[in-house]
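191 is the number of the first residue of the sequence shown in my numbering; add one for each residue after it.
Below is one structure; the comments refer to it alone.
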Amino acid sequence: MSEQFQAYQVGKNEEGQRCVLTQLDDSDLMEGDVTVRVEYTTLNYKDGLALTGRSPIIRKFPLTPGIDFSGTVLESEHADFKAGDQVILNGFGVGEAHSGGYAQKARVSGDWLVPVPDGLDTRRAMAIGTAGYTAMLCVLALEGHGIKPDAGDILVTGAAGGVGSVAVAVLSKLGYRVVASTGRLQETEFLQGLGAAEVVDRAGFSEPARPLGREVWAGAIDVAGGNTLANVLSQIKRGGAAAICGLAESMNLPTSVAPFILRGIAMYGIDSVMAPIPLRKQAWQRLASDLDFKLLDELSFDLDFADLPQAGADILDGKIRGRAIVKVP
Ligand code: NDP
């Protein structure tokens with residue numbers, strides 16, 4: 191029997207794109223072999239773009255935004271999942287080309303789902319969300335490069351944002367000395383609470399970079415791109431590495447080959463959207479074990495489902511601190 195459920199839906203006409211809260215029914219669900227009762231979702235930069243229409247992130251209309259969600263399987267024709275299983279979804283174009291988490295129900299491919307690992311529940315999974323899972327992919331890249339806590343300081347840019355705040359918390363729990371770069375120095379106490387040993391003003395990374403600077407960082411996690419990343423690369427110690435995932439400052443990267451060929455540094459691009467399932471499972475399991483849940487509770491806050499449109503504009507304006515947890519009614 192077809193049931194009605196609440197969902198945000200982005201539509202498009204001659205006047206542009208508009209997001210409304212509406213009622214849908216099962217016939218509106220998209221193709222897929224697993225139907226999920228969405229329990230929690232969250233707010234990412236990309237969701238801000240989808241909710242406001244400031245950038246053409248949605249590739250199919252009408253569409254429910256929300257690039258990640260957690261919930262319980264209602265029906266499954268996929269061999270790996272059965273009714274009652276708790277699952278997490280991030281990426282794979284959900285919330286961009288396939289209807290996502292800003293609804294009470296979602297139908298997706300079971301190939302995109304990861305079981306909620308032991309030690310996490312659906313609420314904590316969305317406190318972490320795509321941002322936290324991306325932070326862990328960055329940490330795994332630095333670890334994979336062989337950077338150990340005794341190698342020296344790790345810089346995290348955009349530290350007060352979603353990816354940055356989880357990166358600071360995870361790295362410090364793992365024993366790294368973390369330097370947090372932020373444009374919001376009023377968040378210094380918050381960042382120290384997450385484990386940052388030092389908090390620096392991001393303005394120090396905003397001017398055009400020299401090809402090589404003083405060697406400061408054993409490694410870095412960058413969400414900004416642009417001059418920030420160029421400066422960070424010029425300051426990475428010989429043999430070190432940066433894991434990069436964002437473009438909060440710019441899509442451009444005005445740098446040279448110098449740090450790579452004169453200091454042998456590496457840069458790891460992080461793509462959370464199409465990351466393979468085994469890597470996702472590893473990242474989620476590591477989050478269950480290596481993230482201090484007390485800190486996670488401190489860096490996350492509850493956001494009302496009804497307030498998503500306003501919060502979408504706020505995240506684009508850099509006004510959101512940490513991670514939003516949205517309980518789907
Ligand atoms: P947030 O908006 O929560 O955080 C971004 C942070 O970047 C801001 O809080 C701010 O931190 C900093 N920032 C903003 N503008 C600038 C600027 N002009 N120069 C330098 N720093 C700036 O977003 P998320 O943490 O969720 O995502 C961060 C980035 O990573 C985004 O670009 C996002 O699209 C990308 N991303 C990529 C993924 C991937 O798979 N590659 C997955 C998830 C996110 P502060 O105030 O502390 O300076």
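By construction, the Cβ of each residue, glycine as well, lies at the ideal position given by its N, Cα and C atoms.
- DSSP, read as helix, strand or coil, puts Asn417 in helix.
- Between Ala478 and Gly309, the CB-CB gap stays under 8 Å.
- Residue side-chain check: Tyr458 keeps its Cβ at 7 Å or more from all non-hydrogen atoms of the ligand NDP.
- For Ala393, the secondary structure class from DSSP, reduced to helix, strand or coil, is helix.
- In chain order, Val389 place their CB closer than 7 Å to the CB of Thr378, counting only its own chain and leaving out the 5 sequence neighbours on each side.
- By the neighbour-count criterion, in which a residue is buried when 16 or more other Cβ atoms sit within 10 angstroms of its Cβ, Met464 is exposed.
- Setting aside the 5 residues that flank it on each side, Pro398 is surrounded in the same chain by Asn417, Ala420, Pro444, each with a C-beta closer than 8 Å to its C-beta; the list follows chain order.
- A contact is defined here as three or more CB-CB pairs under 8 Å, and the stretch 300-319 fails this definition with respect to the stretch 497-505.
- The shortest C-alpha to C-alpha distance from Thr254 to any of Ser266, Gly291, Leu264, Leu239 is the one to Gly291.
- Relative to the non-hydrogen atoms of the ligand NDP, the Cβ of Ala331 never comes closer than 7 Å to any of them.
- For Gln472, the enclosing alpha helix (DSSP H) stretches over residues 467-480.
- Closer than 7 Å to some heavy atom of the ligand NDP: that does not describe the Cβ of Gly300.
- The residues Ala431, Ala433, Tyr458, Ile460, in chain order, have a CB closer than 8 Å to that of Ala331 in the same chain once the five nearest residues on each side in sequence are set aside.
- Within the stretch 268-329, the complete beta strand (DSSP E) segments at least 3 residues long are 276-280, 295-298, 303-305, listed from N- to C-terminus.
- Within 7 Å of the C-beta of Asn234 there is at least one heavy atom belonging to the ligand NDP.
- Sequence-distant Cβ neighbours of Asp216 in its own chain, meaning closer than 7 Å and more than five residues away, are Ser192, Glu193.
- Of Ala269, Leu264, Val368, the smallest CA-CA separation from Gln276 is found for Leu264.
- Around Ser424, the same chain offers Ala399, Arg400, Pro401, Leu402, Gly403, Thr445, Ala448, Pro449 as residues with beta carbons nearer than 8 Å, after the five sequence neighbours per side are excluded.
- Distance between Thr212 and Gly201, taken at the CA atoms: about 11 Å.
- Judged by their CB atoms, Ile344 and Val368 are nearer to each other than the 8 Å cut-off.
- Ile337: not part of any alpha helix (DSSP H); DSSP gives it neither H nor E.
- In the DSSP secondary-structure assignment, Met457 is bridged to Ala432.
- Proximity of the beta carbon of Thr254 to the ligand NDP is not indicated: no heavy atom of the ligand is located closer than 7 Å.
- Taking a C-beta distance under 8 Å as the contact criterion, Ala514 and Ala501 qualify as a contact pair.
- Here Tyr198 carries a strand assignment [DSSP, helix/strand/coil].
- For the set Arg374, Gly334, Ile337, Lys363, the Cα lying nearest the Cα of Gly351 is the one of Arg374.
- Taking Leu381 as reference, the option from Tyr366, Trp407, Gly365, Gly354 with the minimal CA-CA separation is Gly354.
- Here Gln207 is bridged, per DSSP, to Lys202.
- At least one heavy atom of the ligand NDP sits closer than 7 Å to the Cβ of Cys435.
- Secondary structure at Glu379: helix, using DSSP grouped into helix, strand and coil.
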